[in-house]
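The structure appears below as structure tokens.
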Amino acid sequence: MTTTRTATYLGHARIIRSEELAFEPQEGLRTTVATPVSPEAGATWVTLHVARIAPGETWSPPHTLEEENTAVVFAGSGRLTVDGESRPAGPASAAYAPTGRTLALTADDAGLTVYVWRSPLQQGRRPGADPKVFSSLWDETTRLQGFAGTGQVSAEGRRAAMNFVFWPGSGSCQLCLHCGIQEPGETFNVHLHPDSDEAFIAFEGVGQMYLVDRWVDVAAGDVLYAAPGVLHGARNPHTGPEARRFVTCGGPTPFDPALYDAAGVSTEVI
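The structure is reproduced here in structure tokens:
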């Protein structure tokens with residue numbers, strides 16, 4: 001297997017470096033938005049926006065009544081609002097807007113950079129009765145630990161933990177959000193989702209993402225997209241006194257029950 005730090009495009013899989021993101025101005029605003037993942041770019045289910053919201057401005061992603069939206073603050077500060085309910089936000093804050101609810105992102109004087117996942121619902125899926133709409137990547141209430149992958153690539157020894165931020169147990173029925181925390185020397189092992197898009201980002205630090213057949217060097221802000229059936233994973237190969245954790249976030253859309261089965265929790269949407 002080879003290792004590279006350059007941009008990687010492998011069929012229905014790709015890693016887009018943060019400096020490659022193409023931002024476009026939004027009408028009437030100073031806010032700019034890039035869209036590295038979308039059905040127009042070959043994705044099956046998911047659209048991923050990166051919004052740089054100018055100080056004092058509010059931006060909402062375009063949506064339909066049959067779509068879910070999930071947002072993670074990457075940098076800056078402001079407020080996240082779901083259908084009029086609002087929370088102050090900073091790095092690692094997250095919001096989930098179920099079908100039919102509006103997501104609004106407001107920057108304070110520091111500006112706000114937010115990654116936003118969007119997806120239409122599959123037929124027959126509905127959000128939970130009282131879904132959680134605000135959280136943080138650091139919420140450890142429900143975790144997957146010791147994940148060995150799905151067998152196509154040998155598991156590595158020290159295994160990273162994954163927080164379930166929005167998931168069926170919190171009322172999210174399709175567009176779930178997970179946070180992988182790879183401490184120095186740890187790996188979230190290589191796996192695939194047979195029926196789901198995977199779109200996730202490097203949120204903090206430097207590390208590597210596995211894509212198709214190789215490990216690729218990445219840094220905070222980079223984006224990975226893997227079509228259904230494409231192998232992917234994350235690891236922190238760095239060790240020693242200067243090594244720091246490597247954090248990723250995102251998730252398969254629609255959610256893959258295998259992850260919750262591996263964690264020993266129910267896949268029922270509550």
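Going letter by letter, the sequence shown gives residues 1 to 270 in full-length UniProt numbering. Each residue gets a CB set at the ideal place from its N, CA and C atoms; glycine is no exception. This one's a predicted model, so the numbers in the text were calculated from it and none came from an experiment.
- Sixteen is the threshold: since fewer than 16 other Cβ atoms of the shown chains lie within 10 Å of the Cβ of A22, the residue is exposed.
- In its chain, beyond the 5 residues on either side, G128, A129, P168, G169, S170 and G171 have a beta carbon closer than 8 angstroms to the beta carbon of I270.
- When beta bridges are read from the DSSP output, G251 appears opposite A199.
- A distance of 9 angstroms or more separates the beta carbons of A199 and D222.
- Pairing D256 with P194 gives a Cβ-Cβ distance under 9 angstroms.
- By the Cβ rule, the stretch 112 to 127 counts as touching the stretch 63 to 73, because three or more pairs are nearer than 8 angstroms.
- Within the same chain, A220 and V247 come within 6 angstroms of E204 by CB-CB distance, once the 5 residues on both sides are set aside.
- Between the alpha carbons of N163 and A148 lies a gap of roughly 16 angstroms.
- Within the stretch 70 to 140, the beta strand (DSSP E) runs of at least 3 residues that lie entirely inside it are, in chain order, 85 to 89, 93 to 97, 103 to 120 and 134 to 136.
- Rounded to whole angstroms, W138 and H178 show a C-alpha spacing of 10 angstroms.
- When rounded, the separation of the alpha-carbon atoms in L103 and A97 is 6 angstroms.
- Cβ-Cβ separation between Y210 and L231: approximately 7 angstroms, consistent with a contact (criterion under 8 angstroms).
- Counting along the chain, the unbroken beta strand (DSSP E) around A13 starts and ends at A13 to I16.
- In terms of Cβ geometry, V46 and L144 do not form a close pair [threshold 9 angstroms].
- Bridge pairing for G180: M162 and T248 [DSSP].
- Inclusion of G229 and D217 in the CB contact set at 9 angstroms is not warranted, their separation being larger than that value.
- Contact between V73 and A92 holds: their C-beta atoms lie close to 7 angstroms from each other, under 8 angstroms.
- The beta carbon of S60 lies closer than 8 angstroms to those of T102, L103, A104 and L105 in the same chain, with the five residues before and after it left out.
- Close CB contacts of R79 within its chain, under the 7 angstroms cut and outside five residues either way in sequence, are with S86, R87, P88, A89 and T106 (chain order).
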